[in-house]
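Heads up: the structure comes next, in structure tokens.
Number of protein chains: 2
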Amino acid sequence: MSDSNSSFRERLERSCQDKQSRVVVGLDPRYDQLPEELRRLQPAEAIIAFNRALIDALADVCVAVKPQAAFYELWGAAGFEALRLTVEHARSRGLVTIVDAKRNDIGSTAEAYAHAFLAPDGPMKADALTVNGYLGGDGIQPFLEAARPHGGGVFVLVKTSNSSSGELQDRTLSSGETVFEAMARLVDRWDCEAVVGGTWPEQAQRARALMPRATILVPGYGAQGASAEDCLPNFRNDGTGAVVNNARGIIFAQPWPDGPRRAAETMRDELNRALQHS
Amino acid sequence: MSDSNSSFRERLERSCQDKQSRVVVGLDPRYDQLPEELRRLQPAEAIIAFNRALIDALADVCVAVKPQAAFYELWGAAGFEALRLTVEHARSRGLVTIVDAKRNDIGSTAEAYAHAFLAPDGPMKADALTVNGYLGGDGIQPFLEAARPHGGGVFVLVKTSNSSSGELQDRTLSSGETVFEAMARLVDRWDCEAVVGGTWPEQAQRARALMPRATILVPGYGAQGASAEDCLPNFRNDGTGAVVNNARGIIFAQPWPDGPRRAAETMRDELNRALQHS
Numbered sequence: 000m001s002d003s004n005s006s007f008r009e010r011l012e013r014s015c016q017d018k019q020s021r022v023v024v025g026l027d028p029r030y031d032q033l034p035e036e037l038r039r040l041q042p043a044e045a046i047i048a049f050n051r052a053l054i055d056a057l058a059d060v061c062v063a064v065k066p067q068a069a070f071y072e073l074w075g076a077a078g079f080e081a082l083r084l085t086v087e088h089a090r091s092r093g094l095v096t097i098v099d100a101k102r103n104d105i106g107s108t109a110e111a112y113a114h115a116f117l118a119p120d121g122p123m124k125a126d127a128l129t130v131n132g133y134l135g136g137d138g139i140q141p142f143l144e145a146a147r148p149h150g151g152g153v154f155v156l157v158k159t160s161n162s163s164s165g166e167l168q169d170r171t172l173s174s175g176e177t178v179f180e181a182m183a184r185l186v187d188r189w190d191c192e193a194v195v196g197g198t199w200p201e202q203a204q205r206a207r208a209l210m211p212r213a214t215i216l217v218p219g220y221g222a223q224g225a226s227a228e229d230c231l232p233n234f235r236n237d238g239t240g241a242v243v244n245n246a247r248g249i250i251f252a253q254p255w256p257d258g259p260r261r262a263a264e265t266m267r268d269e270l271n272r273a274l275q276h277s
Numbered sequence: 000m001s002d003s004n005s006s007f008r009e010r011l012e013r014s015c016q017d018k019q020s021r022v023v024v025g026l027d028p029r030y031d032q033l034p035e036e037l038r039r040l041q042p043a044e045a046i047i048a049f050n051r052a053l054i055d056a057l058a059d060v061c062v063a064v065k066p067q068a069a070f071y072e073l074w075g076a077a078g079f080e081a082l083r084l085t086v087e088h089a090r091s092r093g094l095v096t097i098v099d100a101k102r103n104d105i106g107s108t109a110e111a112y113a114h115a116f117l118a119p120d121g122p123m124k125a126d127a128l129t130v131n132g133y134l135g136g137d138g139i140q141p142f143l144e145a146a147r148p149h150g151g152g153v154f155v156l157v158k159t160s161n162s163s164s165g166e167l168q169d170r171t172l173s174s175g176e177t178v179f180e181a182m183a184r185l186v187d188r189w190d191c192e193a194v195v196g197g198t199w200p201e202q203a204q205r206a207r208a209l210m211p212r213a214t215i216l217v218p219g220y221g222a223q224g225a226s227a228e229d230c231l232p233n234f235r236n237d238g239t240g241a242v243v244n245n246a247r248g249i250i251f252a253q254p255w256p257d258g259p260r261r262a263a264e265t266m267r268d269e270l271n272r273a274l275q276h277s
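So the sequence lines, in the order shown, correspond to chains A and B. According to numbering that gives the first Met the number 0, the first sequence is numbered sequentially starting from 0. According to numbering that gives the first Met the number 0, the second sequence is numbered sequentially starting from 0.
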């Protein structure tokens, strides 16, 4: 039993050291872009086959996979089962599994989500989950309580990678800080992990300073425009404390099935080079 | 095709007038609290049987049902299918279906969620969905685009009912407004619907003024402590513009199966009485 996120952080960091990699592979199986040979199968079956092949090909190049729940829910119950099987397969290959579901609700309902995604006797059994902190601490605590005893983690959205994230997140509070900085302070108080888009290097610097303990999950690399250098402010000075996600740029890299591994290796090397020169 | 939420609003309002009711029944089937006779079934089967019986008993007393996705996802793929069948049955009984899933993501992923829950050719086919606006407009637009052409609605969280909602939502911006008021302004700009907890009557008054067009979904009545009077500030002066959710206080009212109908009628009458005296 653990009352902090330290065991999750240590496990992820150890995996980064062992593999010399900071790469998280986003498993966002947009059906139209799946290899033609797989699109002969039923959608949920095609997704499972695609993800299993990706996981097998990438298990020693990446430290974690981050399936995006939306692309599974799109296929109803069969898709939800495809997500479960994806998590199961990734875990069996020693990967950290981060379900990107951005769940959020009031306390008693958050307990149900937490059990669904993070409990060892729940249906999903993921290592970690992304959540949205707009509801405040009593909506986050149930996730932490479900995750921590089993070495799991909870990633709270701080500054998201999308172009209109500033509409609320960059608003200035009367304290002089922005909304996302207030969220970063809450993340530090809750002692959990954070999501900060790679597309916002300046904001990342401020978020990193406010959350010294947190591991930061960095989306936005590649298709969304962030370079390895853009992601650097999310790391600590010693090169720890962050992992970087890429979905489309890896999983749909041509040609199938060798493209994804090559793309993941290239990303791993670019991040390592940038970290060495920082 | 409609480019605003007016057709959704009109449909919900007409149903309120026809039934002289403002009641939304929260279908949150906490398994431990299901009637003993149903707990002999598999959990997902028990949930479907419970919800169908509730919907049949309550269809003329309430205007909408609001299944909370967490209590279905808790049972994995079978639970997701139970949610789909619940929505299907409620629609067949003429009820507006609001899936309370608080989804949120960046634009291209929000499209997938929107299709999953709101598209006529998606798996869920709900009339409306709750979403979290922390990511800003490009995370909301895809939901509106999926909902509007079919008379559907999108409810954005403005001020949530839970006790720690103020940790972020009540923070004051440099403009003098709070974070939830900034969100209310965004909701008005996006021309969508809103969620405002019945537990915060003062904040509701301000939110109502900032979102003159929105229909407000009011959770927090009953078990969470809000009275009919507490919910009033969410209504317009003419008594339109809001519907009030109650889950536990209705669906687990004893004895089964007559308790829920009696509880829903009592709530309907209490709301109508409060509205007449305001």
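Glycine is no exception: its CB is placed at the ideal position from the N, C-alpha and C atoms.
Going by the DSSP bridge assignment, what does residue i pair with across the sheet?
{"i": "N161(A)", "result": "Paired residues: none, contrary to the question."}
{"i": "E192(A)", "result": "F154(A)"}
{"i": "L209(A)", "result": "Beta-bridge pairing links L209(A) to no other residue."}
{"i": "G220(B)", "result": "Residue 220(B) is actually Tyr in this sequence, not Gly. According to DSSP, which records beta bridges pairwise, Y220(B) is partnered with A225(B)."}
{"i": "A241(B)", "result": "I215(B)"}
For residue i and residue j, I'd like the C-alpha separation in whole angstroms.
{"i": "Q16(B)", "j": "R90(B)", "result": "18 Å"}
{"i": "P256(A)", "j": "R29(A)", "result": "16 Å"}
{"i": "A246(B)", "j": "L33(B)", "result": "13 Å"}
{"i": "L19(A)", "j": "Q168(B)", "result": "Inspection of the sequence shows that residue 19(A) is occupied by Gln rather than by Leu. Each residue's Cα considered, the two are about 40 Å apart."}
{"i": "V153(B)", "j": "W74(A)", "result": "21 Å"}
{"i": "R51(B)", "j": "G219(B)", "result": "24 Å"}
{"i": "C230(B)", "j": "A208(B)", "result": "15 Å"}
{"i": "A181(B)", "j": "I215(A)", "result": "27 Å"}
{"i": "S162(B)", "j": "N103(A)", "result": "15 Å"}
{"i": "L26(A)", "j": "I105(B)", "result": "15 Å"}
{"i": "E44(B)", "j": "R38(B)", "result": "9 Å"}
{"i": "R212(A)", "j": "D137(A)", "result": "21 Å"}
{"i": "V60(A)", "j": "L185(B)", "result": "42 Å"}
{"i": "L84(A)", "j": "V178(A)", "result": "37 Å"}
{"i": "A111(B)", "j": "H276(B)", "result": "45 Å"}
{"i": "M0(A)", "j": "S14(A)", "result": "Legend: pLDDT at M0(A) = 45, less than 50; position of this residue unreliable, value from coordinates given subsequently. Between M0(A) and S14(A), the C-alpha separation is close to 21 Å."}
{"i": "H88(A)", "j": "A48(A)", "result": "11 Å"}
{"i": "D31(B)", "j": "F251(B)", "result": "11 Å"}
What three-state label does DSSP hand residue i in the structure shown?
{"i": "V60(B)", "result": "coil"}
{"i": "Q67(B)", "result": "strand"}
{"i": "K101(B)", "result": "strand"}
{"i": "F142(A)", "result": "helix"}
{"i": "E180(B)", "result": "helix"}
{"i": "T214(B)", "result": "coil"}
{"i": "N131(B)", "result": "coil"}
{"i": "G25(B)", "result": "strand"}
{"i": "T96(A)", "result": "strand"}
{"i": "L117(A)", "result": "helix"}
{"i": "N4(B)", "result": "coil"}
{"i": "L40(B)", "result": "coil"}
{"i": "T265(B)", "result": "helix"}
{"i": "T171(A)", "result": "strand"}
{"i": "R235(B)", "result": "coil"}
{"i": "A111(A)", "result": "helix"}
{"i": "P122(A)", "result": "coil"}
{"i": "S20(A)", "result": "coil"}
{"i": "T85(B)", "result": "helix"}
{"i": "Q253(A)", "result": "coil"}
{"i": "A45(B)", "result": "helix"}
In chain order, what residues of the same chain have a beta carbon less than 8 Å from the beta carbon of residue i, not counting five sequence neighbours either side?
{"i": "Q41(B)", "result": "A77"}
I'd like the list of long-range same chain contacts for residue i, defined as Cβ closer than 7 Å, with 5 residues on each side in sequence excluded.
{"i": "A56(A)", "result": "P256, P259 and R260"}
{"i": "A273(A)", "result": "A227, E228 and L231"}
{"i": "L117(B)", "result": "A125, L128, F142, A145, A146 and G151"}
{"i": "N205(B)", "result": "Correcting the residue identity first, residue 205(B) is Arg in this sequence and not Asn. Excluding sequence neighbours, R205(B) sits near E180."}
{"i": "T239(A)", "result": "E12"}
{"i": "A222(A)", "result": "R247 and G248"}
{"i": "N244(A)", "result": "V23, G25, K65, L216, V217, P218 and Y220"}
Spatial neighbours of residue i within its chain, please: CB distance less than 6 Å, with the 5 preceding and 5 following residues excluded, ordered by chain position.
{"i": "A183(A)", "result": "V157, A206, L209 and M210"}
{"i": "V24(A)", "result": "L57, C61, V64 and I249"}
{"i": "W189(B)", "result": "I139"}
{"i": "V155(B)", "result": "V130, G132, V186, C191 and A193"}
Report the neighbours of residue i on chain C: residues whose CB is nearer than 7 Å to its CB, in chain order.
{"i": "R38(B)", "result": "This model lacks chain C altogether; the protein chains it does include are A and B."}
Validate contact between the stretch 91-102 of chain A and the stretch 56-65 of chain A using beta carbons, cut 8 Å, 3 pairs: yes
Under 8 Å, with one C-beta from each stretch per pair, do the stretch 105-124 of chain A and the stretch 79-88 of chain B reach the 3-pair mark? no
Are the stretch 182-197 of chain B and the stretch 264-274 of chain A touching by the rule of at least three beta carbon pairs closer than 8 Å? Cβ pair count under 8 Å is below three, so no.
Using a Cβ distance threshold of 8 Å, determine whether the stretch 173-180 of chain B contacts the stretch 137-152 of chain A, with at least three qualifying pairs required. no
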